[in-house]
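First to last, the sequence lines map onto chains S and V.
Under my numbering, think of the first position of the first sequence as 24, with each following residue one higher.
Under my numbering, think of the first position of the second sequence as 2, with each following residue one higher.
Let me begin by presenting the structure, written as structure tokens, before commenting on it.
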Amino acid sequence: EIVLTQSPDFQSVTPKETVTITCRASQSVGGNLHWYQQKPNQSPKLLIRYVSQPFSGVPSRFTGSGSGADFTLTINSLEPEDAATYYCHQSSSLPLTFGGGTKVEIK
Amino acid sequence: QAQLVESGGGVVQPGRSLRLSCSASGFVFSSYGMHWVRQAPGKGLEWVAVISFDGSKTYYEDSVAGRFTISRDNSKNTLYLQMNSLRPEDTALYSCARVPATYAGDGFDIWGQGTMVTVST
Numbered sequence: 024e025i026v027l028t029q030s031p032d033f034q035s036v037t038p039k040e041t042v043t044i045t046c047r048a049s050q051s052v053g054g055n056l057h058w059y060q061q062k063p064n065q066s067p068k069l070l071i072r073y074v075s076q077p078f079s080g081v082p083s084r085f086t087g088s089g090s091g092a093d094f095t096l097t098i099n100s101l102e103p104e105d106a107a108t109y110y111c112h113q114s115s116s117l118p119l120t121f122g123g124g125t126k127v128e129i130k
Numbered sequence: 002q003a004q005l006v007e008s009g010g011g012v013v014q015p016g017r018s019l020r021l022s023c024s025a026s027g028f029v030f031s032s033y034g035m036h037w038v039r040q041a042p043g044k045g046l047e048w049v050a051v052i053s054f055d056g057s058k059t060y061y062e063d064s065v066a067g068r069f070t071i072s073r074d075n076s077k078n079t080l081y082l083q084m085n086s087l088r089p090e091d092t093a094l095y096s097c098a099r100v101p102a103t104y105a106g107d108g109f110d111i112w113g114q115g116t117m118v119t120v121s122t
């Protein structure tokens, strides 16, 4: 099983700041790494597919990067509505796995 | 508009069974791999199981393998999760999710709202 480790677990930031979330895999997942946003009492929403491809309708301030086993989600110029928990997910091999999540709070 | 709606959750005693359903609409259900993902209260996301577009392939997370069965009826646009020998640690919100692929590749682009399963005496 591929273990995904996210950091940090929690981040408190002010609007307009840049947020960087990392996701490290226990082995290479190639380009099969995706990012989700989950707001309280809502289902997760796909943000980024295959490391860096923004999903339909996702604001351009959300960008993904990385390769192999190290990946990053960057939120530029944070908006108040970006308060949420963010998860990475690998579809390289079964069982599929998620990272533990990073909660982003707006100060 | 593509949509997934789960049903069948509830409170059940340990060792008992429950069958969840996920009704799909707004897309060609028979073309896509489908998954179940769960989230225990206050916890993160945990992938549970996958079934290929035609039902010929399935795969399970280790802790549910042998107890849960994923299936689908493409004529009814419905996904199922039969859960047997339920344990307290199975307590979670169970959501179905679609991948824009025939089996397991890609991210989950459509999610249902989930149905809550509580395993307790």
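Quick reminder that beta carbons are idealized off the backbone N, C-alpha and C, glycines included.
Quick check: the Cα distance between residue i and residue j, rounded to an integer number of angstroms?
i: V:Ile-52; j: V:Asn-78; result: 13 angstroms
i: V:Thr-70; j: S:Val-36; result: 43 angstroms
i: S:Pro-118; j: V:Val-65; result: 12 angstroms
i: V:Phe-30; j: V:His-36; result: 12 angstroms
i: S:Asp-105; j: V:Ala-50; result: 29 angstroms
i: V:Val-120; j: V:Gly-113; result: 21 angstroms
i: S:Glu-128; j: V:Ser-26; result: 35 angstroms
i: V:Glu-90; j: V:Gly-16; result: 12 angstroms
i: S:Gly-123; j: V:Thr-59; result: 25 angstroms
i: S:Ser-88; j: V:Leu-87; result: 40 angstroms
i: S:Ser-100; j: V:Arg-99; result: 31 angstroms
i: S:Gln-25; j: S:Gln-50; result: One point to set straight first is that residue 25 of chain S is Ile, not Gln, in the sequence displayed. In a straight line, the C-alpha of S:Ile-25 is about 6 angstroms away from that of S:Gln-50.
i: S:Thr-97; j: V:Trp-48; result: 24 angstroms
i: S:Val-52; j: S:Gln-113; result: 7 angstroms
i: V:Val-38; j: S:Thr-41; result: 30 angstroms
For residue i, tell me which candidate among the options has the shortest Cα-Cα distance.
i: S:Ser-90; options: S:Cys-46, S:Pro-82 and S:Pro-67; result: S:Cys-46
i: V:Gln-83; options: V:Gly-9, V:Gln-2 and V:Gln-4; result: V:Gly-9
i: S:Phe-18; options: V:Asp-110, V:Gly-56, V:Ser-76 and V:Ser-121; result: Because chain S is modelled from 24 through 130, residue 18 of chain S falls outside the range shown and cannot be assessed.
i: S:Gln-76; options: S:Trp-58, S:Asn-64 and S:Pro-63; result: S:Trp-58
i: V:Ser-24; options: V:Phe-54, V:Glu-47, V:Gly-115 and V:Leu-80; result: V:Leu-80
i: V:Ala-41; options: V:Thr-122, V:Tyr-61, V:Tyr-95 and V:Arg-99; result: V:Tyr-95
i: S:Thr-86; options: S:Ala-92, S:Gly-53, S:Gln-34 and S:Ile-71; result: S:Ile-71
i: V:Gly-106; options: S:Glu-102, S:Tyr-110, S:Ser-116 and S:Gly-122; result: S:Ser-116
i: S:Tyr-109; options: S:Ser-100, S:Lys-130, S:Pro-63 and S:Asp-93; result: S:Pro-63
i: V:Thr-116; options: V:Gly-11, V:Gln-2, V:Gln-4 and V:Ala-3; result: V:Gly-11
i: V:Asn-85; options: V:Leu-21, V:Thr-122 and V:Phe-28; result: V:Leu-21
i: V:Tyr-104; options: V:Asn-75, V:Ser-32 and V:Glu-62; result: V:Ser-32
Assuming residue i and residue j make a contact with CB atoms under 8 angstroms, what is their CB distance in whole Å?
i: S:Ser-31; j: S:Thr-120; result: First, the amino acid is wrong: residue 31 of chain S is Pro here, not Ser. So it is not a contact: roughly 19 angstroms between Cβ atoms.
i: S:Thr-43; j: S:Thr-95; result: 6 angstroms
i: V:Arg-73; j: V:Gly-56; result: 5 angstroms
i: V:Val-118; j: V:Ala-102; result: Not confirmed; about 27 angstroms, so no contact.
**Message:** Under 7 angstroms, CB to CB, which of the residues in the segment 94-128 of chain S have a partner in chain V?
**Reply:** Residues are counted here when their Cβ sits less than 7 angstroms from a Cβ of chain V; for the segment 94-128 of chain S these are Tyr-110, His-112, Ser-114, Leu-117, Pro-118, Leu-119, Thr-120, Phe-121, Gly-123 and Gly-124, given in chain order.
**Item:** Residues, ordered as in the chain, of the segment 37-50 of chain S that lie near chain A by beta-carbon distance below 8 angstroms
**Value:** Absent here is chain A; the protein component of the structure consists of chains S and V.
**Asked** Along the chain, which unbroken stretches of the beta strand (DSSP E) at least 3 residues long are found entirely within the segment 13-59 of chain V?
**Response** 19-26, 35-40 and 46-52
**Prompt:** Going along the chain, which residues of the segment 46-63 of chain V sit with their C-beta nearer than 8 angstroms to a C-beta in chain S?
**Reply:** Leu-46, Glu-47, Trp-48, Val-51, Tyr-60, Tyr-61, Glu-62 and Asp-63
**Positions along the segment 80-109 of chain V whose CB lies within less than 7 angstroms of some CB in chain S** = Going along the segment 80-109 of chain V in chain order, one finds Ser-96, Ala-105, Gly-106, Asp-107, Gly-108 and Phe-109 with a Cβ nearer than 7 angstroms to chain S.
**Prompt:** Using a Cβ cut-off of 7 angstroms, which residues of the segment 63-74 of chain S contact any Cβ in chain V, in chain order?
**Reply:** Ser-66, Pro-67, Leu-69 and Arg-72
**Chain-ordered residues of the segment 24-44 of chain V with a beta carbon less than 9 angstroms from chain S** = His-36, Val-38, Gln-40 and Lys-44
**Message:** For a minimum of 3 consecutive residues, which ranges assigned as the beta strand (DSSP E) are wholly contained in the segment 25-82 of chain S?
**Reply:** Within the segment 25-82 of chain S, the complete beta strand (DSSP E) runs of at least 3 residues are 27-30, 33-36, 42-48, 56-61 and 68-72.
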